[in-house]
Every structure is written in structure tokens, then in C-alpha cells.
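Residue numbers (full-length UniProt numbering), protein chains in the order written: chain A, 1 to 160; chain B, 1 to 160; chain C, 1 to 160; chain D, 1 to 160; chain E, 1 to 160; chain F, 1 to 160; chain G, 1 to 160; chain H, 1 to 160; chain I, 1 to 160; chain J, 1 to 160. For glycine and all other residues, C-beta sits at the position ideal for the given N, C-alpha and C. Given the structure is predicted, the values throughout are model-derived calculations rather than measurements.
There are 10 protein chains.
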Amino acid sequence: MAEAAKKASVKNQGLRQLGKTAPLPASPDDAILERVPNPHPDTAYVARFTAPEFTCLCPVTGQPDFAHFVLDYTPGAWLVESKSFKLYLGSFRNTAAFHEDTTLTIGKAIADLLEPSWLRIGGYWFPRGGIPIDVFWQCGSPPEGIWIPDQGVAPYRGRG
Amino acid sequence: MAEAAKKASVKNQGLRQLGKTAPLPASPDDAILERVPNPHPDTAYVARFTAPEFTCLCPVTGQPDFAHFVLDYTPGAWLVESKSFKLYLGSFRNTAAFHEDTTLTIGKAIADLLEPSWLRIGGYWFPRGGIPIDVFWQCGSPPEGIWIPDQGVAPYRGRG
Amino acid sequence: MAEAAKKASVKNQGLRQLGKTAPLPASPDDAILERVPNPHPDTAYVARFTAPEFTCLCPVTGQPDFAHFVLDYTPGAWLVESKSFKLYLGSFRNTAAFHEDTTLTIGKAIADLLEPSWLRIGGYWFPRGGIPIDVFWQCGSPPEGIWIPDQGVAPYRGRG
Amino acid sequence: MAEAAKKASVKNQGLRQLGKTAPLPASPDDAILERVPNPHPDTAYVARFTAPEFTCLCPVTGQPDFAHFVLDYTPGAWLVESKSFKLYLGSFRNTAAFHEDTTLTIGKAIADLLEPSWLRIGGYWFPRGGIPIDVFWQCGSPPEGIWIPDQGVAPYRGRG
Amino acid sequence: MAEAAKKASVKNQGLRQLGKTAPLPASPDDAILERVPNPHPDTAYVARFTAPEFTCLCPVTGQPDFAHFVLDYTPGAWLVESKSFKLYLGSFRNTAAFHEDTTLTIGKAIADLLEPSWLRIGGYWFPRGGIPIDVFWQCGSPPEGIWIPDQGVAPYRGRG
Amino acid sequence: MAEAAKKASVKNQGLRQLGKTAPLPASPDDAILERVPNPHPDTAYVARFTAPEFTCLCPVTGQPDFAHFVLDYTPGAWLVESKSFKLYLGSFRNTAAFHEDTTLTIGKAIADLLEPSWLRIGGYWFPRGGIPIDVFWQCGSPPEGIWIPDQGVAPYRGRG
Amino acid sequence: MAEAAKKASVKNQGLRQLGKTAPLPASPDDAILERVPNPHPDTAYVARFTAPEFTCLCPVTGQPDFAHFVLDYTPGAWLVESKSFKLYLGSFRNTAAFHEDTTLTIGKAIADLLEPSWLRIGGYWFPRGGIPIDVFWQCGSPPEGIWIPDQGVAPYRGRG
Amino acid sequence: MAEAAKKASVKNQGLRQLGKTAPLPASPDDAILERVPNPHPDTAYVARFTAPEFTCLCPVTGQPDFAHFVLDYTPGAWLVESKSFKLYLGSFRNTAAFHEDTTLTIGKAIADLLEPSWLRIGGYWFPRGGIPIDVFWQCGSPPEGIWIPDQGVAPYRGRG
Amino acid sequence: MAEAAKKASVKNQGLRQLGKTAPLPASPDDAILERVPNPHPDTAYVARFTAPEFTCLCPVTGQPDFAHFVLDYTPGAWLVESKSFKLYLGSFRNTAAFHEDTTLTIGKAIADLLEPSWLRIGGYWFPRGGIPIDVFWQCGSPPEGIWIPDQGVAPYRGRG
Amino acid sequence: MAEAAKKASVKNQGLRQLGKTAPLPASPDDAILERVPNPHPDTAYVARFTAPEFTCLCPVTGQPDFAHFVLDYTPGAWLVESKSFKLYLGSFRNTAAFHEDTTLTIGKAIADLLEPSWLRIGGYWFPRGGIPIDVFWQCGSPPEGIWIPDQGVAPYRGRG
Ligand SMILES: [Ca+2]
Ligand SMILES: [Ca+2]
Ligand SMILES: [Ca+2]
Ligand SMILES: [Ca+2]
Ligand SMILES: [Ca+2]
Ligand SMILES: [Ca+2]
Ligand SMILES: [Ca+2]
Ligand SMILES: [Ca+2]
Ligand SMILES: [Ca+2]
Ligand SMILES: [Ca+2]
Ligand SMILES: [Ca+2]
Ligand SMILES: [Ca+2]
Ligand SMILES: [Ca+2]
Ligand SMILES: [Ca+2]
Ligand SMILES: [Ca+2]
Ligand SMILES: [Ca+2]
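Structure, rendered in C-alpha cells:
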């Protein structure tokens, strides 16, 4: 899937989707991740997106999988346009891939689009077989003096 | 299973297991639920046992299932002897049954043993297929003026 | 949608999906809700299913909607077969409907299938426009002496 | 304010605001609360709206006040159209009134619009002078057999 | 133990322990529960004492047991003097009894001392054999129109 | 203290303290509880004040005591003016009284001032001798059909 | 907006707003951020302001946005005067800007006013499109040996 | 046990258990831990498995023990195949060993199978004798620039 | 205030207040902070005092302010005598000062008294104007190899 | 007390208490802390014991004190035998000492017994005079590459 998803990262500055009726893309291939200029390009800071609304399909069983994502990055010249990010996530709805793969694919697509100095993604997947999987990835080096709070997602604890 | 498990309810007052080496019974059939006299038989009150250590087998797949149980009852002439209760729960370790069935079987075995005026059991099962099942059963009528707090077990919430 | 979804409630006792490869149904029309005999038909108790993995589409925007469902019922002759319930929920993946409608449709489909003495469903929808909607429905009368704990889902609180 | 706000309750079924650019109304007088037909008019159920994004002005100091609202009702012929509800709440942005008054005004406007069999509103205001005020109001009688969960908002506790 | 502990309930109004050096009583027999006049004897209200510092001995093993108690009552002519209550609880330090017995003994001693219209006690015992026991008892009838909040003690949940 | 504190309840409608520099009253005797007309006198609703900032003195030791109060009432003709309520609470700063007495005195002063159909107060006192005391009082009868949520204050639990 | 907001940072030591009737400024341009001398200028410490009461407008839709801010800094010669800080935050009420921009503008305005050795701001925005954005910025270097606790704001988790 | 359990780590790439009926192995000796190729072998990231469903036997008493495990590792060439991991954990069901031993045995088996650059395991055991034991182990060195969040499991706190 | 409060730090080893009736000092000037020998003077460790019972006066309005303090230090030759610490905190009851000033004054008084190698204080103030202020200060260098847990006080979050 | 308690650390490998009736030792002098061989002596890992069941006496008043302890260490040749640890803690039941002293005495006794490369103990004491004391101590140096999670005990917060 890595190949297809990367294609989503068209570095398009003439925003095609904002303020328009934007149908859900059929796959990451069809999604258009967009970027907007960072209003504070000379300032090192962190932007965090929390996305508890994510679903894709299991490549083994074809059944739905669900995840909660948290994405942190230090913007350089660009910010991710948030509506296109939402549509990109939605485009995985009928796509099948393993948890580890999907999490890294999403992280890499954003990293490729924005070329931030640093980016990390936490994928917190709903349990299968009684055992949830979390995937944590980061790339680049945070600018010196940056402040990066913990993502603080509650650990899974079964029942009781 | 109901038949076998009920056999466990030998109403034995000469305690066989307390203060001795008591091996884990191989099945509910082999378990001996014991009872002791209620030191306050003329007083209406509630005893609650919380058992987060329970496991049995899935009758379809043979894989382990896990549950968290809370048992409440209003003692009459008898109390359940707590060590025998622990062993009885442990005896399900290699027994297969559906969640609804197991929960009611346990509740009924204790009710049969103690003949309390009232008893309830909450079975909070770990998720399978992303969907946990809880089972709630009670029998009898609580004595007038009794106080029965909520069991207060946290609802399942997936991730995030 | 009510018409289509009800069709899903084929009262099928020869289970078609359990222990087999069961693809995700394309719509509630194509889903087959199944039921199994209640092992304790003479006992009044409550079964609770918690389903944090639900998604459908918004009828106005076509964008994904997400919800967390909790279903409680008092089984009569039948239990819902849990794998078919999971597949039924999954069949809404590409279906569009309003929150109030979807919640009641699901509740009524199960009620129609099982004819329980009592059933309730809580639909806890993710926020749109900053305002989440919850929908609470129940039907029938619980058998006398039944115990029905609160669903206890945490209220939405925005940020901070 | 009660007079002005009530005027907002134009019982308008040709929705004016949904799917259009809808500017924030300048006051409750200018807001148009809209209603849509209830898809399940013969079914008794509860709809809950949670609105943590509310602000108005203090009538004594002119400073901003903030509140978190939870609205529950049992729909009859109508549902509140959720976008118009959001705009109605937003229209209080430059309106001054006491906490008790604002909470009841909002509750009564919705009750007047929808004529539900029952409605309640909880207004949880941010602290002033170290002491937050909560306001709880309900009207009408819930249909028999309805299920109404607690609103469950956390109590204020200062620091520590 | 019931006999001994009751003796503790000397209905002593000339307070012997308040504002003096009061050594820990060696047993409930030696403890002196004291009472003071209720400053609002004509008003129906509830007083709650929360005692997370309690320990006694296990009658089977001689090892220490620990409990968290919450006592609620509606005062009549008398209030329990709080220092004597603390000393009374401390007097169980070297006393052996079963959980159910100890909880009711304490509740009855206070009820005997104060003759309140209503009293309840919740004993929340630390786990033994992985299974904690809670004991809930109340006696008398609360005066009409009284307000009695839930004790709200968190349920035990093992680990995770 | 009951006598002195009641004097505080001057039923003063020409507000003396709002929008002025109001020094902290030296005692409840010197405090002036004020009331304002209820803007919705024909509507049955509940107003809740949460006051985590309260301190007085211990009548035995002269040391500071601290409490967290929650006051609920159903307004009739009057609302309590919130600034005067804050000053009234502050006036106990150098007053000595027992927990039960102080809680009821405050509740009765407000009840006397407002003559509401119903009022309740919960006083949650900080621990002394390891044992905190809570006091719960209500008076009057709530109007039919009123909605009164739980106060939901967390129980004390020592450490760990 | 950066230009306008910076103008707010008039380094005014003759406090204009404290202890007076201070109307809400119409925009950050009209706000006057004020500073007072640090009573411990030779001591390295951290001051934290938590502001859960913030609202501005969305530059795309004109609809209200809400945020929860936490500001930390190590004072040098000056402290921010807290009333002017509150009014400055309130001045954004009718100002439109993107989340990333607003958060940095506020942080930079305070940094410009106070010239602290170190400052950081966390902006925790309410969800839009199901995905909340958090923005984290800091500038300067904390004095050696300073203690800076985590801001500890709970992560967003949708529903359930 | 270390010897036997290690034998489980057959580095088998032709998956024997996925998509087939896989009975619970009788012991770690009989379990087959399997591995699959890492789809992102050139990327440094962390995978976390949370396993709240674990039970084995106490070597002293033969009674069941329960634990909650969290496993983190940085994949190199291989990922652990999650179904085989679940079966491996299940294979301890009738195995007796001390908490410290079991925790390290599991961690080492996975480390031996996957040869990751870094791995850690937290074993959170249910209380025995009122005192739970947690075991924390890690091996190897995390690749530079990796992000490893805290496991965040709640501490045990007894009752109250 | 710094001058006056420091006078409180009489380094008095003949304890004047312990085990005697100690009236509340009228001001920090009148308080006598006392110290006792550290029983483990050659061991580097941390002592933490948590003081949720603190109140003083606002220097601008004269109204009560409230705070929750946590003090950590590494004892050298001396420990703070805990009863004198409680009385010292109580002595601020009628003293007026700004939050930043009071927090540092208390921290410095203890540092001056004990001359510990390291000390820190967190002052968590109740909200004023909707915005609470926290103050964090530390001095000295912790001995090598010391363990200093986070203070972990919950952040303020307004309502909802 | 340090002298007496250290005597408890008899480095006894022939376990005297495990699997036998072991009465509660009368004092730390009489307690026998035992050790067992570490099954993984060549592996650096952490063992954590959580002990919420601890009580001793106050040396000033003779009244009971209560604490919650968490002990972490990195085993070398030995593990502490957990039953002897439980009995050792129980032996303080009638021993009087200051909080700081008791905490360090326990930590040092275990350190002396096991000679671990590193050990730490957190003593979380119940409040006296409204102010709880926590004591944190560690000794030795953790082996390189060890993983030591936070103890995560909730801070005390009084009421509300
Ligand atoms: Ca699962
Ligand atoms: Ca599952
Ligand atoms: Ca969730
Ligand atoms: Ca939203
Ligand atoms: Ca908030
Ligand atoms: Ca305030
Ligand atoms: Ca146990
Ligand atoms: Ca658990
Ligand atoms: Ca205390
Ligand atoms: Ca949203
Ligand atoms: Ca235990
Ligand atoms: Ca506790
Ligand atoms: Ca405020
Ligand atoms: Ca909120
Ligand atoms: Ca205390
Ligand atoms: Ca508090």
C-alpha cells in the first residue's frame, strides 16, 4: 500500500477541497492531501492532530479495523490542510492493510507532503484476539528548544 | 453445564478445604462449594465478592475467555466460604461454555448453596470481535430495608 | 432505511455465518442477523453488548459518522448470535442515515429478531459542529425483579 | 431576554440554514431555530445534545461568561435541526443575562419549538468569585417507559 | 465478638477522652464510644464518617486484615464523638473476626450508642485470595424527606 | 452560633454589596445575605452553588477547618445574590463551630432568606484524625416534576 | 493578525485597568496587556496561567471556535498583570484566525511584553471535523535549575 | 522453565496457525511463536502489544495466577505474528513459575524470535498476600531517534 | 512580606509547640517554624508535604484566596517539624499578598530554616477571573542519585 | 529503630516461613526477612512490590499511623521472598517511629538483605493535621539500560 498512499501526497497549494463539497475519496490513491503556508515559518512549534475516527479493513479477514491516531509535527514551510487530512484518513475506509503498515504509511504521507523537521504518529488500534496493538513512529529531528508533550492516550485494560 | 455445576453445590458444613492444601478442582463437577453459618442470621445485610481473576474456554474455538465477576447476596442462614468460592471459580479453567450460560450457572450454584433471600451476579466479559458482553442476573427478593449499592464497574470503551 | 434494515432480521436458526469465512455485508439489507436458543429461557436476566466500533455515513455530507453503542436486553427464547450482530453493525459502513434514525433502526432490528420482554439501546455519537448527539431508546417492560445497571458512558466534555 | 429569545423559535420547516453558508446570528432575536420531522414519531425515545461551546456576557460587568450545556428531550412530531441549534447557541455571544435566566430561556425556546412530551436542560457555568452555578430545569412528563440516563457532568472541585 | 464490642458502647456524656492524652484501647472491650448532644435535634440530616484507616486480624491465619469503612446515620438526640469513634476503630487492631462480623459489629455498636432513626455502614475489605469482600448493612428507617447520597467507593479491579 | 448566623439573613432587596467594594464581614453576624427576584418565578427549577473555598475554626482546638460545600435549591420568589453568598461564606473565617452545626446553619440561613420550596446542602469536610465528616441536609419538598442531579463529590480515600 | 496583536503589548506600568471598570476590548488591537514588577526578580521560578475560557472566530466559516490555553513562563523583571491578560484573551472574541496562528500570536504577545527568559504556551482547541488540533510553542531558554511540570491536559478521546 | 519456553521460539516463517483452527498449546514447549516480515524494515518504530488476558499457575500452591502484560519492541527484519503470540501466552495456562521468571521468559522468547534492536516487557501481576508484584525488563538499545511512550498502567491501590 | 515571613524561621530546636496547645499564630511574623534532627542525615532522600488547606487574603480586594501547596525537599541536618509547618501555613490566614509572592515566601522560609541541599514548592491557586495561577519554584541542587517524583496535581479544566 | 530493624535482615536462605504457619512477628526485631536465588541473575530488570496494607504507631501520640509503600529494585543474586516481606511489614504493627525514619528503615533493610545494584522506596503516608507526608529514597546505581517506570501514586487532594 505504501506506493499508492504516497501518491496521495500531491503537494497541491491551490486547495481543491476547502469550502467545497468534497466527497469521500474511494482510496488513499484518490485522496489529495493538501498543504497551506505556515503563518509562522520562522518559529519552531508543534502541531498535534487527534483523530479518533478511523477505520480500515483487515487484510486477513476483510473485517473492519478501528484505530485512534495522534499526529505531532513541527511545521516548516507548510501546514497540513485539516480538511484534506480528514478526507485522507477517511479514504482508508475500504483499504486493507496491517496495523503496523497503515500507521507508518499515514505518517510517511504527511512527512512527505510537509517535509517538517520532525513528525511522529501514534496509532492506537482496537483489540483483536484480546490484544490491542499500538504503533509509534517518528522521523527527523525536532528543532532545538522545541516542546513536545506526551500523547497521554490511556492504556488498554480489558474489563473490571 | 448447568447440571454438572450444580453438583458442585454440596452443602457441606464440615469444611474440607479451609486451612488445608486444596488443589484446583479439575472441573465444576469436582469443586466443592462450602458454606459457613452466618454470624448475624437475624440481620438483613449484603455481602459482595469481587472476582477479577476468572477464565474459562470458548465452546466454539476452544480458546481462553476471561471475565470479571461481582456477586452480591443477602445472607440467610449461611455465608459462602470464601476459599471454596475461589476454588469453584478456578474450576472453570478448563470448562467450555457461553458467557450467558457461565454467568448464570455460577449465580445459580451460589443461590442453590446458600438459599439467600436475594442474590445477583454481574459477569463482565473481555471483548471478542471488538464487542464485550456483560450479563446481569438476580433472583429472590431483597429483605425490606436492605441497602444495595451499584456494582460500578467501568464500561468498556475501546481505545482513545 | 427502517424497511431495509428490518429485512436483515431473518430469524434464522441454522447459523450461516458462525465458524465460517463471513464477508462484511454490503448493507443492512444484505446482513443476516441470527439468533440462538437462550440456554436459560426460564430465567430473567440482562445481556449487554458494547460496540465501540461503529461507522456509517452522514446523509447530508456523505462523510463518515462514528458512534459507540451499548445494547441491553432481557432474553426470552432467543439470544442474538454475537458474530452476526457484529456483521450487522458492520453492514452500516456505507449506509447513510441520521443519528436518531440509525440508533432506533438498530434497536428495532434486534427487538424484532429476538422478541425480548425488554430491550434498550444507547447510541453515543461523535461530535459534529462541536455538539455530540446521544440517542436513548427502550421498548417492552423488563420482567419483574430484573437488575439493569446504568450504561455509565462518560459524558462528552470538549477539551481541557 | 425571554421575549426576544422566544422569537427565535420560528417553527420553520423549510430549512433555511442547512447546507448553506450560515453567518452567526447577531442575537437570539436574529437566530432561527429550525425543526425537522421526527423519523420515528410513534416511538418514545430520548435525544441528548451536549454543547461545551457556549459563551455570553455578564449583565453586571459586561465580561464574557462560559457554560457547558446538556439538553435532553423526548421527540414528538419534531426534532431540533442540529445546525440551527448550534447557531442559536452561538447567537448568545453578545447577549447579557444571568445564568439562571439564560439556561431557562434556552430550554424554553427548544420546548416551544418542538413541543416535546418532556425536555430538560443542565447549564454548568464556569466559576465566578470561586463559586460556579449549575442550573437544572425540566418540563413536561416523560412518556411512560422512557429511559433517561444521568447527565453525569463532573462536579467542580477547585484545585488540588 | 459481638458481646465484647457492644460493651464498648458506654453511653457516656461526660467525655473522657476529648482534649486529653487517650491511649489506644487494647480491644473493643476497652474502648469507650462516646456521644455528644446533637446541636440540631429537631432537624433530619445525615452525617457521614469515612475511615480508610482500619485494621484487625484474620481469625483463621492471625495475619492483619485491612478495610475502608463508610458510616452514614441520621442523628437523633446524639452525635458520635469523633475522637472516641477513631479510638474505637483503633481498638480492633489486635482483635480477630470475620469481615462480615466485624462490619456489622461496628455498625451495631454505633447504632446502640446513638439510637439514630437510621444508620448504614459499608465495609470495603482489601482482597484476600484475589477476591475482596464488601459488606453493606443498614438499620432503622430514614426520616421522611432525608437525603442520602451514594457512598461512591470505587470497585476493585485487579490490575491493568 | 445558630442565632447569630440567622441574623445574617436580612432579607434585603436593595443590594448593598454588588458592584461595590465589599470588605469581608468579621462574622456571620456581620454578613448580609441578599436576595434578588427570580426571573422565572413560575418555573420549577434547581440552582446549584459549588463552594470549594470555605474555612472556619475548630471549636476545640482553635485550628482552621476546611470544607467543600454544594448547595442546591428550587427558587421561589427569590434567588440568592451570589456575591453576598460568597461574603457570607467568607464571614465564617474566624468563627468556631462543629462541622454538623456549621453545615446546617448555612443551609438554614439560605432557606430562611429565600423560602424556597426545597433546599439541600452537602458539607464535605477535610479529614481530622484521619476521618473526614460529610453532612447532608435538605428541607422542604421539591416541586413535582423537578430534576435534581446527584452532587457527585468524590469520596475520600486516604492514600494509594 | 500578528501585527495587530503585537500592538496590544504596550509595556505599560501605570496599570489602567486594575480596580476599575474595564470593558471588554473590541479586538486585540484595542487590548492593553499590562505588566507589574516581579516581587522576586532574582529568583528563577515558573508562573502558570490556565485559561479554559477562550473563544474566537473561524476565518473560513465565521463560526465560533473555542480553546483551552495553558501559559507557562519564567518571570524576569516583570509579571503579566492577570486582569489585563484576561481582557486580552477576551479581545479575541470577534477576531478570526487559524488555530496555529492564534496560539503563537498570544504566546508572542506575552513574550514581547515580559521578555521572560523562557515562555511556553499550549493551545488545546475544541474538535472541528472530528479532529481537534493542539498547538505547542516555547521560546527562550529556561534558567538553569528551573522546575517545569508537565501541563497534563487530558487527550481528546471522542466518545465511549 | 526458561529452557522449555525458549524452545517455543521456532523461527518459523511459513505460518502454521494463521487462518486455521489453532488449538491452545498444552505448554510453552508446544507453542510455536511465529514471525512475519516487517513491511517497513528500514524504519525505526515501536510496536506495543497489550495483553490483559494472561494466567498461569503458582509453583508453590498450584493455584492460578493472573497478570496483565505490555510488550514494546522496535522491529528489525521481523514482526511477531499476533495470533501466534496470543497462543503462546495461552500456553502458560497450565505452567507453573514465579512472577519474575515468567515475565522474563516471555520477554526473552520474543527477543530471541525477532532479534529486535530493543524490546521491553512489563508484567503487572494481580495481588497475592495483599501485595502485587510488577516486573520490568528491557534488552538491547533502541535505535537513535526512536519514540517510546510510557506504558502508563495504573498503580495498584487496594480499596477506598 | 518577605522580611516578616523570614523572621518566622527561628531555628529553634527546643520544640515549643509539639504536644502542647498551640494557638494559631496571628501572622507569619508570629509563627515559629521549628526543625528536628534528621534521623538519616547521611542518606539522600526526599520528603514531600501536601497541604490542601491554605488560605490568605487578596492584597487588592481583601477577599480570601485559597491554594493547594506541595513542598518537596532533600533533608540535610534537619527536618521541618510538621506541626510547626501546619501552624506556619495557618498564620497566613489574615495576611495579604500576591500568589507569586506568597508561594516563594513560603518556599524560602523553609529553605532558610532547613538549609536543605534542594527544595521545591508548587503553589496551585484557586481560579480568579476564571484563570488559576500556579507557581513553581525550586532552589539548590538535588544530591546525585536522588529520586524526585512528579507532583502530579490535576490541571484545572473549568466545567464539563 | 534503625538498629533493631536491621537485625531483621538475617540473610537466611533456608526459608523458614514459606508454606508454613507463620505468626505475625511482634516487632521488626523478630521478623526474618528471607531471600531466594534470582532465576535470572545475569539479566538486569526491575521488580516492584506495592504494599497498601501498612500500619505502625506514632511515636508522639501512640496512635496508629497508616502508609502505602511501593518498593522497586534491580535484583542481583537474590530476590526478596514475598511472604517474608509481608510478615516484615506486618511486624511494624506495634512499633513507633517517624514517617521519614520508618520509610528509610524498610528500604535499607531490603537493600541490606539483597544487595541489589539499585533500590528505591516510596512511602505515601495518610494525612495528619491535614498534611500527608511522602518519603522517597533510592540507593545504588541502576544497571545501564534498565527501565524504571514511575510509581504513579495519586497525589493527595483533600476533599471536593
Ligand atoms: Ca479482542
Ligand atoms: Ca475484540
Ligand atoms: Ca473511544
Ligand atoms: Ca465538532
Ligand atoms: Ca474545558
Ligand atoms: Ca472563580
Ligand atoms: Ca489477594
Ligand atoms: Ca483488569
Ligand atoms: Ca487526618
Ligand atoms: Ca468535530
Ligand atoms: Ca492479596
Ligand atoms: Ca487506599
Ligand atoms: Ca474565576
Ligand atoms: Ca469543558
Ligand atoms: Ca488530617
Ligand atoms: Ca480540593
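Problem set entry | Residue environment, G/R48, which counts as buried when at least 16 other CB atoms sit within 10 Å | buried
Problem set entry | Cutoff 7 Å; reference H/T50; Cβ partners in own chain excluding five residues on either side | V70
Problem set entry | Beta-carbon contacts of G/G107 that lie in its chain and below 6 Å, excluding the five residues immediately before and after | I121, W137
Exercise. First and last residue of the beta strand (DSSP E) that includes G/H68?
Worked result: 64-74
For this session: Taking only the alpha-carbon atoms, compute the straight-line gap between F/A67 and D/P28 and give it to the nearest angstrom.
Result: 40 Å
Exercise. Taking Cβ-Cβ distances shorter than 8 Å, what residues in chain B pair up with E/E100?
Worked result: N38, P39, H40, Y45, A47, P75, L79
Exercise. In or out: J/P23 buried (at least 16 other Cβ within 10 Å) or exposed?
Worked result: exposed
For this session: Identify the continuous beta strand (DSSP E) that holds H/L119 and give its terminal residues.
Result: Per DSSP, H/L119 belongs to the beta strand (DSSP E) from 118-125.
For this session: May I ask you to list, following chain order, the residues of the stretch 109-141 of chain H that have a beta carbon less than 8 Å from some beta carbon of chain F?
Result: none
For this session: Buried or exposed for F/S82, please, with buried defined as at least 16 other CB atoms from any protein chain shown within 10 angstroms of its CB.
Result: buried
Exercise. In whole angstroms, what is the alpha-carbon distance linking I/P149 and C/T103?
Worked result: So the alpha carbons of these two residues sit roughly 47 Å apart.
Exercise. Does DSSP classify F/L33 as helix, strand or coil?
Worked result: Correct three-state label for F/L33: coil.
Problem set entry | Distance CB(G/L79)-CB(I/E100) smaller than 9 Å | Contact flag set, yes.
Exercise. Just checking my contact of F/D72 with F/L114 at CB under 8 Å: how many whole Å lie between their CB atoms?
Worked result: 12 Å between Cβ atoms; not a contact.
Exercise. In chain B, which residues lie with their C-beta within 7 Å of the C-beta of H/F66?
Worked result: E53
Exercise. Whose Cβ in chain I lies nearer than 9 Å to the Cβ of F/G90?
Worked result: In chain order, Q63, P64 make up the part of chain I whose C-beta sits under 9 Å from the C-beta of F/G90.
For this session: With DSSP as the reference, please indicate the residues paired to D/Y45 in a beta bridge.
Result: C/W137
Exercise. For D/D150 and chain C, any beta-carbon pair shorter than 9 Å?
Worked result: yes
Problem set entry | DSSP beta-bridge partners of A/A51 | A/F69
For this session: Taking C/P52 and B/Y156 to be in contact with their CB atoms under 8 Å, please state how far apart those CB atoms are, rounded to whole angstroms.
Result: 7 Å
For this session: Please go through the same chain and pick out, in chain order, the residues whose beta-carbon is closer than 7 Å to the beta-carbon of A/A44, but skip the five residues on each side of it.
Result: T74, P143, G145, I146
Exercise. When you compare only the Cα positions, how much space is there between E/S91 and I/I133?
Worked result: 45 Å
For this session: Please report the residue range of the alpha helix (DSSP H) in which A/L104 lies.
Result: 99-114
Exercise. Taking the DSSP output, what are the residues bridged to B/A154?
Worked result: DSSP, once it has assigned bridges, lists no residue as partnering B/A154.
For this session: Would you decide whether E/S141 is buried or exposed? Buried here means 16 or more other CB atoms lie within 10 Å of its CB.
Result: exposed
Exercise. If you draw a straight line from the C-alpha of J/F126 to the C-alpha of H/F54, how long is it?
Worked result: If you take the alpha carbons of J/F126 and H/F54, they lie about 34 Å apart.
Exercise. What does a CB cutoff of less than 6 Å around H/D65 pick up in its chain, not counting 5 residues either side in sequence?
Worked result: C56, C58
Exercise. B/R93 bridges to which residues according to DSSP?
Worked result: Answer is none; B/R93 lacks a bridge partner.
Exercise. Counting only beta-carbon atoms, is E/L57 nearer than 9 Å to chain J?
Worked result: yes
For this session: Check the C-beta distance from B/L33 over to B/A111 and give it rounded, since I have them as a contact under 8 Å.
Result: About 11 Å separates the two Cβ atoms, so there is no contact after all.
Exercise. Using a beta-carbon distance below 9 Å, is E/V153 in contact with chain H?
Worked result: yes
For this session: Report the partner residues of D/I131 according to the DSSP bridge assignment.
Result: D/R128
Exercise. Considering only the beta carbon of each residue, do G/V153 and C/G160 sit closer than 9 Å?
Worked result: yes
Exercise. Under 9 Å between C-beta atoms, does E/T103 make it to chain B?
Worked result: True, the Cβ-Cβ gap to chain B drops below 9 Å.
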